[in-house]
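To start, the structure under review is shown below, and the notes come after it.
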Amino acid sequence: ARNLAAVSTGPLLLYDFTALEQNVAQVAQETDVAYAIILDAEGRVAARSGRPAEVGSIPQDPVSQRALKADAPLVQETAAPDTGLSLYEFVVPVTVEGQRWGTVRVALSKRRMEAEIAKTQRELALLAVVTLILGGVASALVARRIARPVRQLAEGVAAISRGELDQRIEPATSDEIGRLAVAFNHMASQLFQQRSALEAAHSELRQRFAELSDLKSYTDNILGSLTNGIITLDLEGRVVTLNRAAESITGCSLAEVTGRFSTEVFAHSPEVGELLMETVGSRVGVAFVSMILRRPDGTSVPIEISTAPLKGSEGKDAAVGPPGRPGHPRRRPGPRDQEPPDVPPHVHPASLQEVRRSTVPAEFRDRRPAGAGADQRHRRGPPRARPSDAPQPPARPRAGAAGSGAGTLHRPDRGPAGDRRPRVRAWAARDPG
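This is how it looks when you write it as structure tokens:
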């Protein structure tokens with residue numbers, strides 16, 4: 130439109146309508162040009178492409194009126210009157226020295242432009258679809274690359290929860306997932322080693338427990354076969370163990386006296402309970418004191434009683450009494466209740482811990498004249514003369530228990546022939562502090 134206005138300025142000044150027609154026809158031949166119109170200073174059509182009959186007329190349509198009133202270049206949207214195509218009309222006033230000599234109007238069709246826009250839109254849509262597809266494929270690949278090791282880790286964790294500690298994951302990358310796989314393998318290896326160590330310890334504990342069970346059966350038989358009564362007290366004076374011979378001599382069962390104070394158990398014979406409590410308090414044993422034991426059923430039996438403190442594995446006096454509250458049954462030996470090397474073999478395995486921590490084992494020896502088997506009892510030590518009523522020093526431990534300090538069940542001499550009064554031997558322990 131600007132070019133047409135420039136070349137039409139001279140013909141408008143000279144009223145050369147032929148030149149104006151030529152200029153309009155030349156512009157109309159260009160692509161997308163719907164029409165070209167040149168108006169004179171009065172608003173009449175000086176030249177028009179395609180419709181020469183309108184030359185000399187004054188257009189009255191709104192589009193033409195806006196074009197005549199425009200003082201500057203103007204772009205307005207309109208439609209072709211015959212085809213109805215959308216058009217863009219470009220209006221350029223022709224002025225000379227500030228005076229308006231005419232107006233140039235050139236209309237361009239929007240068809241090709243709209244076609245190009247539609248084509249561009251289709252291309253953009255296709256590009257968006259392709260981008261989405263490629264992005265989806267790339268995302269799937271990345272997600273698969275990330276999800277596969279994570280899934281392997283999840284499967285490995287599930288296998289470990291089932292106890293399969295030989296699970297290993299090969300790290301495929303050196304990123305965070307790879308480092309996580311390395312950490313997982315290290316964790317699985319540590320768990321496997323720890324479980325192996327636990328299984329080995331469990332196997333060893335089972336073997337030790339079997340050995341303790343055998344030892345318990347052995348010592349049960351030994352304690353059951355002893356003819357001397359053996360009573361063991363803790364540091365508070367409560368009864369811990371009582372063998373069958375002691376049950377027979379005292380007339381009390383183990384279930385009745387376990388956890389009870391010796392003064393309460395021997396309430397019918399206060400001197401026996403006082404002697405035992407004296408040993409518990411002084412931690413000094415007495416040897417072969419003759420006395421009469423009165424049983425709960427009212428019968429009496431002459432006995433000899435000796436007491437001595439028990440020593441722990443480190444040579445100290447034994448500590449507190451059996452675990453648990455007084456009066457509770459003795460607990461079964463656990464894996465930690467291992468027999469120290471210096472515990473005498475006659476100790477009851479089921480009470481091994483209690484015996485090591487108890488205070489006064491007492492030995493009762495029945496000195497009644499009746500009973501043919503009394504003269505054939507086995508002596509663990511050299512014969513001794515029967516002691517007098519004066520206090521005697523505590524019996525020395527036998528050589529087999531040296532280093533441990535634990536009192537042994539050494540049997541003293543029964544005295545002159547025919548003297549078969551029951552004797553009691555007890556051991557007392559000093560406080561570990």
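So for the sequence shown, the numbering used here puts the first residue at 130; every next one is plus one. For each residue, glycine too, the CB sits at the ideal point set by N, CA and C.
**Asked** Between which two residues does the alpha helix (DSSP H) carrying residue 224 extend?
**Response** Counted as a single uninterrupted DSSP element, the stretch harbouring residue 224 is not any alpha helix (DSSP H) but the beta strand (DSSP E) occupying residues 215-225.
**Asked** For the alpha helix (DSSP H) that residue 193 lies in, which residues bound it at each end?
**Response** 191-198 is the span of the alpha helix (DSSP H), which, as asked, contains residue 193.
**Prompt:** In angstroms, rounded to a whole number, what distance separates the CA positions of residue 416 and residue 394?
**Reply:** Our two residues, residue 416 and residue 394, have alpha carbons roughly 21 Å apart in a direct line.
**Request:** Tell me where the beta strand (DSSP E) around residue 433 begins and ends.
**Result:** Its beta strand (DSSP E) spans residues 429-436.
**Message:** Let me check one thing: in DSSP terms, what residues is residue 206 bridge-paired to?
**Reply:** Note: residue 206 is bridge-paired with 217 in the DSSP secondary-structure output.
**Message:** I'd like to confirm the pairing. Which residues does DSSP put opposite residue 176 in its beta bridges?
**Reply:** Its beta-bridge partners are 167.
**Message:** For the segment 228-238 against the segment 213-220, do three or more pairs of beta-carbon atoms, one drawn from each stretch, fall closer than 8 Å, so that the two count as touching?
**Reply:** Yes, since at least three Cβ pairs between the segment 228-238 and the segment 213-220 fall closer than 8 Å, the two stretches touch.
**Item:** Cα-Cα separation, residue 534 to residue 440
**Value:** For residue 534, the predicted structure reports a pLDDT of 33, less than 50, and the residue's modelled location is therefore unreliable. A value from the coordinates is still provided. When rounded, the distance between both Cα atoms is 4 Å.
**Request:** Say whether the segment 252-269 touches the segment 195-207, bearing in mind that this needs 3 or more beta-carbon pairs closer than 8 Å, one atom from each stretch.
**Result:** Contact fails between the segment 252-269 and the segment 195-207, because fewer than three Cβ pairs, one in each stretch, are under 8 Å apart.
**Request:** Please confirm if the segment 407-421 is in contact with the segment 374-387, defined as three or more CB-CB distances below 8 Å between the two stretches.
**Result:** Verdict: no, contact absent.
**Message:** With a threshold of 8 Å, are at least 3 pairs of Cβ atoms found where one atom belongs to the segment 297-313 and the other to the segment 322-332?
**Reply:** Because the criterion of three Cβ pairs below 8 Å is not met, the segment 297-313 and the segment 322-332 do not touch.
**Message:** I'd like the list of long-range same chain contacts for residue 320, defined as Cβ closer than 8 Å, with 5 residues on each side in sequence excluded.
**Reply:** Taken in chain order, the residues that qualify are 289, 294.
**Prompt:** With a Cβ-Cβ cutoff of 9 Å, do residue 273 and residue 285 count as a contact?
**Reply:** No; because the gap between Cβ atoms is not below 9 Å, this pair is not in contact.
**Asked** Taking the runs of the beta strand (DSSP E) that are 3 residues or longer, which of them lie wholly in the segment 256-318?
**Response** Taken in chain order, the complete beta strand (DSSP E) segments of 3 or more residues contained in the segment 256-318 number zero; there are none.
**Message:** Which runs of the alpha helix (DSSP H) at least 4 residues long sit entirely within the segment 329-365? Give them in chain order.
**Reply:** Taking only runs of at least 4 residues, no alpha helix (DSSP H) segment lies wholly in the segment 329-365.
**Prompt:** Got a sec, what are the start and stop residues for the alpha helix (DSSP H) residue 139 sits in?
**Reply:** 131-143 is the extent of the alpha helix (DSSP H) around residue 139.
**Request:** Can you give me the Cβ contacts of residue 98 inside the same chain, cut-off strictly under 7 Å, excluding the 5 residues immediately before and after it?
**Result:** In the structure as shown, the chain begins at 130 and stops at 562. Residue 98 is therefore absent and cannot be evaluated.
**Prompt:** Which residue from 406, 158, 141 puts its Cα closest to that of residue 392?
**Reply:** Distance from the Cα of residue 392 is smallest, within the candidate group 406, 158, 141, for 406.
**Prompt:** Roughly how many whole angstroms lie between the Cα atoms of residue 376 and residue 335?
**Reply:** Cα to Cα, residue 376 sits roughly 33 Å from residue 335.
**Request:** Please confirm whether residue 208 and residue 178 have their CB atoms less than 9 Å apart.
**Result:** Taking 9 Å as the Cβ cut-off, residue 208 and residue 178 do not qualify as a contacting pair.
**Request:** Reducing DSSP to helix, strand and coil, say where residue 186 ends up.
**Result:** The three-state secondary structure of residue 186, taken from DSSP, is coil.
**Message:** I'd like the list of long-range same chain contacts for residue 380, defined as Cβ closer than 6 Å, with 5 residues on each side in sequence excluded.
**Reply:** Only 424, 425, 426 meet the Cβ criterion.
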